[in-house]
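A.B. asks:
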Amino acid sequence: MTEAATETRSVVIEREFAYPPERLWRALTQPHLIEEWLMKNDFKPTVGHRFNLRGEWGGVLDCEVLAIEPQRSLAYTWNFTHEDAAYDLKSVVTFTLTPQGTGTHLRVEQAGFRPSQKQAYGGAHAGWKQFFTKLDELLARAE
Numbered sequence: 002m003t004e005a006a007t008e009t010r011s012v013v014i015e016r017e018f019a020y021p022p023e024r025l026w027r028a029l030t031q032p033h034l035i036e037e038w039l040m041k042n043d044f045k046p047t048v049g050h051r052f053n054l055r056g057e058w059g060g061v062l063d064c065e066v067l068a069i070e071p072q073r074s075l076a077y078t079w080n081f082t083h084e085d086a087a088y089d090l091k092s093v094v095t096f097t098l099t100p101q102g103t104g105t106h107l108r109v110e111q112a113g114f115r116p117s118q119k120q121a122y123g124g125a126h127a128g129w130k131q132f133f134t135k136l137d138e139l140l141a142r143a144e
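In our numbering, the protein residues as written are 2 to 144.
(1) Between the alpha carbons of E138 and E84, how many angstroms are there, rounded?
(2) If we ignore side chains and look at the alpha-carbon of each, how far apart do T82 and Y88 end up?
(3) Tell me which residue opens and which closes the alpha helix (DSSP H) that R24 is part of.
(4) Just to confirm the assignment: which complete alpha helix (DSSP H) runs, minimum length 4, are found wholly within the segment 107-132?
(5) Tell me which same chain residues have a C-beta within less than 6 Å of the C-beta of R108, skipping the five on either side of it?
(6) Select from V66, E57 and L39 the residue whose C-alpha is nearest the C-alpha of V48.
(7) Can you check whether the CB of V12 is closer than 8 Å to the CB of H126?
(8) Whose C-alpha, out of N42, R115, P21 and P22, is nearest the C-alpha of F52?
(9) At what residue ranges does the segment 30-105 contain a whole run of the alpha helix (DSSP H), taking only runs of 4 or more?
(10) Have a look at T9 and R115 and give me their C-alpha separation to the nearest angstrom.
(11) With 16 other CB atoms within 10 Å as the buried threshold, where does Q118 fall?
(12) Rounded to whole angstroms, what is the Cα-Cα separation between F133 and R73?
(13) Just verifying my parser: in three-state terms, what is the DSSP assignment at E138?
(14) Based on DSSP bridge pairs, tell me the residues matched to E8.
Set out below in structure tokens:
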């Protein structure tokens, strides 16, 4: 296998939120809040915890918490098993929170898309933008 065949791509979405890191952290780590902006889940903020994200589209993502630095960063696997290699995905999602004045800069990176997964890559790029919009709406309602 050539080096080019093993290269992967990442989707990176960044956004400024008008809320402090503590507030975003709760939305990223409390299952009932995660469900409101992302998907149904059985998440626990514990390294090594295995959980599922269940999409409205019927898919189930197998996840495992890899790293937690409270109010700063969170990383977990985001794996989707599919018979079509274009959608069979093993990736890692990392959230990074950076205080900005009275708000927070939130960066999400989903790493692990193979070059042949153009549609999954495009779907993730659009999906994370929608998730961030729903997250902002959730935070505004919680005020």
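We put the beta carbon where it would ideally sit given N, CA and C, even for glycine. Since the structure is predicted, the reported quantities are computational estimates derived from the model, not experimental observations.
C.D. replies: For this structure:
(1) It is roughly 35 Å from the alpha-carbon of E138 to the alpha-carbon of E84.
(2) T82 and Y88 have their C-alpha atoms some 8 Å from each other.
(3) That run of the alpha helix (DSSP H) goes P22 to T30.
(4) Secondary structure in the segment 107-132: no alpha helix (DSSP H) run of 4 residues or longer lies completely within the stretch.
(5) Excluding residues within five positions, the ones whose Cβ falls inside 6 Å are E15 and T97.
(6) The residue with the shortest Cα to Cα distance from V48 is V66.
(7) Yes, the Cβ-Cβ distance between H126 and V12 is below 8 Å.
(8) Of N42, R115, P21 and P22, the smallest CA-CA separation from F52 is found for N42.
(9) Runs found: 32-38.
(10) CA-CA distance, T9 to R115, rounds to 5 Å.
(11) Classification of Q118: buried, given that the 10 Å Cβ count is 16 or more.
(12) If I take the Cα positions, the gap works out to 17 Å.
(13) Here E138 sits in helix by DSSP.
(14) Partner(s): none; E8 has no beta bridge.
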